[in-house]
Amino acid sequence: MSGHLKAFIAILVVGSIAILGAKFVLPFLGDKLQRSTSDAAATHGVLRIGMDNWIGYFPLCSPEMTRRLRDAGYALRCEDDQADYARRFKRLKAGDIDFAVGTVDSYVLNGASEDYPGVVIAVIDESKGGDAIVARQDEIDNLSTLKDRQGVHVAFTPDSPSEYLLKSISTHFDLPIFRQKNDSWREESNGSSEALEKLLNNEVAVAVLWEPDVSKALAEPGIIKLIGTEDTDKLIVDILVVGRYFSQEHPQAVATLLHEYFETLRYYHDHPRQLRGDVVDVTGLDVNQVEAMLQGVEWATLNENGVGWYGITPSGQRGEEGLVDTITAAVNVLLANKDFDINPLPDQDPYRLTNRQFVADLYANYATNASVATSALATPFQPLDDQGWQALKEVGTLKVEPVSFRRSSGILDYEGKLILDDVAESLQRYPNFRIIIKGHTALSGDRQANLMLSAERAEAVARYLLVTYGMDDNRIRALGYGSSRPLQRLPGESDRSYAYRLPRVEITLATEAY
15 MSGHLKAFIA
25 ILVVGSIAIL
35 GAKFVLPFLG
45 DKLQRSTSDA
55 AATHGVLRIG
65 MDNWIGYFPL
75 CSPEMTRRLR
85 DAGYALRCED
95 DQADYARRFK
105 RLKAGDIDFA
115 VGTVDSYVLN
125 GASEDYPGVV
135 IAVIDESKGG
145 DAIVARQDEI
155 DNLSTLKDRQ
165 GVHVAFTPDS
175 PSEYLLKSIS
185 THFDLPIFRQ
195 KNDSWREESN
205 GSSEALEKLL
215 NNEVAVAVLW
225 EPDVSKALAE
235 PGIIKLIGTE
245 DTDKLIVDIL
255 VVGRYFSQEH
265 PQAVATLLHE
275 YFETLRYYHD
285 HPRQLRGDVV
295 DVTGLDVNQV
305 EAMLQGVEWA
315 TLNENGVGWY
325 GITPSGQRGE
335 EGLVDTITAA
345 VNVLLANKDF
355 DINPLPDQDP
365 YRLTNRQFVA
375 DLYANYATNA
385 SVATSALATP
395 FQPLDDQGWQ
405 ALKEVGTLKV
415 EPVSFRRSSG
425 ILDYEGKLIL
435 DDVAESLQRY
445 PNFRIIIKGH
455 TALSGDRQAN
465 LMLSAERAEA
475 VARYLLVTYG
485 MDDNRIRALG
495 YGSSRPLQRL
505 PGESDRSYAY
515 RLPRVEITLA
525 TEAY
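Remember, this note's numbering sits 14 above the position in the sequence shown when you count from 1.
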């Protein structure tokens with residue numbers, strides 16, 4: 015090779031490197047200059063979340079959350095992929111996004127092909143009326159009708175919580191129509207609104223919808239609800255997943271995002287008008303539609319994540335591991351519906367999909383901040399027999415906001431747990447008194463059923479205080495009175511107001527020191 019040719023090749027290589035450098039390095043330097051000379055200089059980076067427009071995700075990507083993260087040094091970028099779960103988890107694996115949200119079942123189903131690229135670091139919410147199966151009453155009046163009916167057409171959105179609701183109901187109520195080899199019953203829709211349109215146009219007898227379309231459907235004559243998620247527990251559960259590599263390389267960013275998220279959730283709870291206003295502004299929906307959507311979701315607080323989903327409590331007692339139970343249940347439903355031939359989880363172990371440490375660390379800070387309250391609430395008491403409890407003298411009944419439960423059940427809802435957290439704060443001031451929890455119901459309904467419901471609700475309140483705050487079980491007694499001890503009417507009180515006050519849980523302090 016001649017010297018001239020070698021020189022030409024060298025010049026060509028150097029030139030190519032220079033061109034590539036100009037293409038890639040200069041934009042980088044320009045970006046660095048732009049960042050360093052602006053208010054973004056203090057930003058640690060951008061946190062990217064793959065999501066869709068389900069109302070449960072709103073606090074995570076809300077203006078309030080964006081502001082809080084910005085103050086903490088991070089920019090937030092929520093990328094709406096129109097509920098394309100398969101693509102979402104592919105992007106998580108590729109590192110195109112750092113976090114992904116979705117239902118437990120969607121991650122179990124779509125994460126398998128990507129070798130489950132992330133771990134669940136928090137439960138976001140649970141659908142409580144946000145999803146439902148509705149039908150034309152003149153054709154289908156209950157779920158059992160679907161067992162033997164042929165030629166029924168069902169409109170639903172594939173690869174969505176709607177389809178998983180169908181799969182779950184098919185499995186739990188043994189409805190073989192939804193497991194038929196042929197797809198004669200399927201009327202796939204591009205979203206809930208299209209499914210509703212098919213129902214109203216009499217193209218189908220059944221539709222699976224989400225809010226606000228559920229409310230729109232039920233406003234039409236002849237349309238009934240067969241079942242809604244307000245009547246289910248831990249069925250459609252939304253989770254926050256972080257990429258495995260990102261969680262290892264940027265644990266502080268993960269911890270910051272979680273901290274600011276739970277602070278945002280608390281802020282919106284304390285400022286419900288702000289929440290509704292922000293949703294209206296961001297979505298462009300009217301107030302009634304927004305209200306229907308908000309009524310269908312139950313957010314999981316930090317406290318609920320710790321106690322109910324990850325089994326962590328400040329008292330050190332073991333709570334419920336609802337997340338692992340939900341993952342296991344989702345696997346069973348997907349297996350029953352032939353989405354998998356065998357359990358797809360790595361080593362068939364649901365714990366391979368979860369990471370409780372981030373919530374545990376946040377919860378440890380919560381426990382430290384509440385250490386005085388927790389220690390006061392954990393005061394030991396001597397056991398009492400029935401006669402001993404009956405001999406106690408009541409000191410008085412605490413002023414408590416109405417403790418709320420899921421409809422017609424003894425299961426505390428989101429609001430009820432927050433109210434009990436406030437109750438615990440009050441109880442720490444009175445460490446020497448025993449606690450009698452009294453459940454009451456309305457006057458209407460079956461007397462025995464009311465008695466059982468009131469007892470279940472009193473027990474639920476007692477259990478929450480025992481598990482969450484480490485209270486001595488010798489200190490608490492739960493009693494159900496049903497409708498046998500109604501309140502006195504207030505002067506001029508309307509029937510409606512009176513009926514509203516009757517279902518209640520009273521927390522009474524009692525003592526032997528008289």
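Note that beta-carbon positions come from the ideal geometry of N, C-alpha and C, so glycine has one too.
Quick check: what's the CA-CA separation for residue i versus residue j?
i, j, result
"Gly132", "Asp119", "14 Å"
"Ala492", "Ala472", "5 Å"
"Thr51", "Gly59", "Note that Thr51 scores 48 on pLDDT, short of 50, meaning its location in the model is unreliable; the coordinates nonetheless yield the value given after this. Using only the alpha carbons, I get a separation of about 15 Å."
"Glu337", "Gln96", "Note that residue 337 is Leu in the sequence shown here, rather than Glu. Taking the straight line joining both Cα atoms gives about 25 Å."
"Glu201", "Ala169", "4 Å"
"Leu457", "Arg499", "9 Å"
"Asn215", "Ile69", "27 Å"
"Val251", "Ser182", "13 Å"
"Arg101", "Asp94", "11 Å"
"Arg370", "Val256", "12 Å"
"Glu208", "Gln266", "43 Å"
"Asn124", "Leu504", "57 Å"
"Asp245", "Val296", "30 Å"
"Ser229", "Ser422", "20 Å"
"Ala108", "Cys92", "17 Å"
"Met79", "Leu106", "21 Å"
"Thr342", "Leu406", "46 Å"
"Tyr88", "Pro397", "52 Å"
"Leu249", "Pro364", "16 Å"
"Gln401", "Glu526", "12 Å"
"Asp110", "Tyr324", "28 Å"
Is residue j closer than 7 Å to residue i when the C-beta atoms are compared?
i, j, result
"Thr315", "Val134", "no"
"Leu179", "Val122", "no"
"Leu434", "Tyr478", "yes"
"Arg489", "Arg448", "yes"
"Lys142", "Thr243", "yes"
"Gly310", "Glu225", "yes"
"Asp112", "Leu61", "yes"
"Leu254", "Val417", "no"
"Leu210", "Ala233", "no"
"Thr185", "Val321", "no"
"Ile238", "Gln303", "no"
"Phe395", "Asp486", "yes"
"Ser206", "Asp227", "yes"
"Gly430", "Ala469", "no"
"Leu272", "Tyr282", "no"
Residues in the same chain with beta-carbon distance under 6 Å from residue i, minus the five sequence neighbours each way, listed in chain order, please.
i, result
"Leu240", "Ile147, Ala149 and Leu157"
"Ala392", "Gly484"
"Asn319", "Ala136, Val137 and Val373"
"Arg420", "Asp427"
"Lys464", "This sequence places Asn at residue 464; Lys is not what is there. Counting only Cβ-Cβ distances below 6 Å, and skipping sequence neighbours, we find Thr455, Gly496 and Ser497."
"Pro77", "Asp292"
"Leu83", "Leu90 and Glu274"
"Glu140", "Val251 and Glu312"
"Ala438", "Tyr483"
"Met307", "Ile69, Glu225 and Pro226"
"Leu480", "Asp487"
Within its chain, find whatever has a CB closer than 7 Å to the CB of residue i; leave out the 5 residues flanking it on each side and keep chain order.
i, result
"Leu359", "Val345, Arg366 and Leu367"
"Val212", "With the sequence shown as reference, residue 212 is identified as Lys, and Val is not the correct amino acid for it. Here the set comprises Ala169, Glu201, Ser203, Val218 and Ala221."
"Asp72", "What sits at residue 72 in the sequence shown is Phe, not Asp. Around Phe72: Val293."
"Leu160", "Ile154, Val166, Leu189 and Ile191"
"Leu279", "Pro73, Trp313 and Thr315"
"Phe260", "Asp112"
"Ala524", "Leu406, Lys407, Glu408, Val409, Phe447, Arg448 and Ile450"
What residues in its chain sit with their C-beta under 8 Å from that of residue i, if we drop five residues either side in the sequence?
i, result
"Ile425", "Asp247, Phe419 and Ala474"
"Glu177", "Phe170, Thr171 and Val222"
"Asp300", "Val294"
"Leu516", "His454, Thr455, Ala456, Leu457, Ser497, Pro500 and Leu501"
"Tyr512", "Leu501, Arg503 and Leu504"
For chain D, check one thing: does any of its Cβ atoms lie closer than 7 Å to the Cβ of residue i?
i, result
"Arg477", "Protein chain content of the structure displayed is limited to a single chain, and chain D is not contained in it."
>> Going residue by residue through the segment 240 to 287, where are the continuous beta strand (DSSP E) segments of at least 3 residues, counting only ones entirely within it?
In response: Those beta strand (DSSP E) runs which fall completely within the segment 240 to 287 and span 3+ residues are 251 to 257.
> Taking the runs of the beta strand (DSSP E) that are 3 residues or longer, which of them lie wholly in the segment 416 to 502?
Replying inline: 448 to 454 and 490 to 494
>> Quick test of the definition: if touching needs 3 or more C-beta pairs under 8 Å, does the segment 399 to 418 touch the segment 514 to 522?
In response: yes
>> As an exercise, report each continuous alpha helix (DSSP H) stretch of at least 4 residues that is fully enclosed by the segment 165 to 243, in chain order.
In response: 175 to 186, 206 to 214 and 227 to 232
> Which residue spans inside the segment 125 to 157 form an unbroken beta strand (DSSP E) run of at least 3?
Replying inline: Entirely contained in the segment 125 to 157, the beta strand (DSSP E) runs reaching 3 residues are, in chain order, 132 to 141 and 145 to 150.
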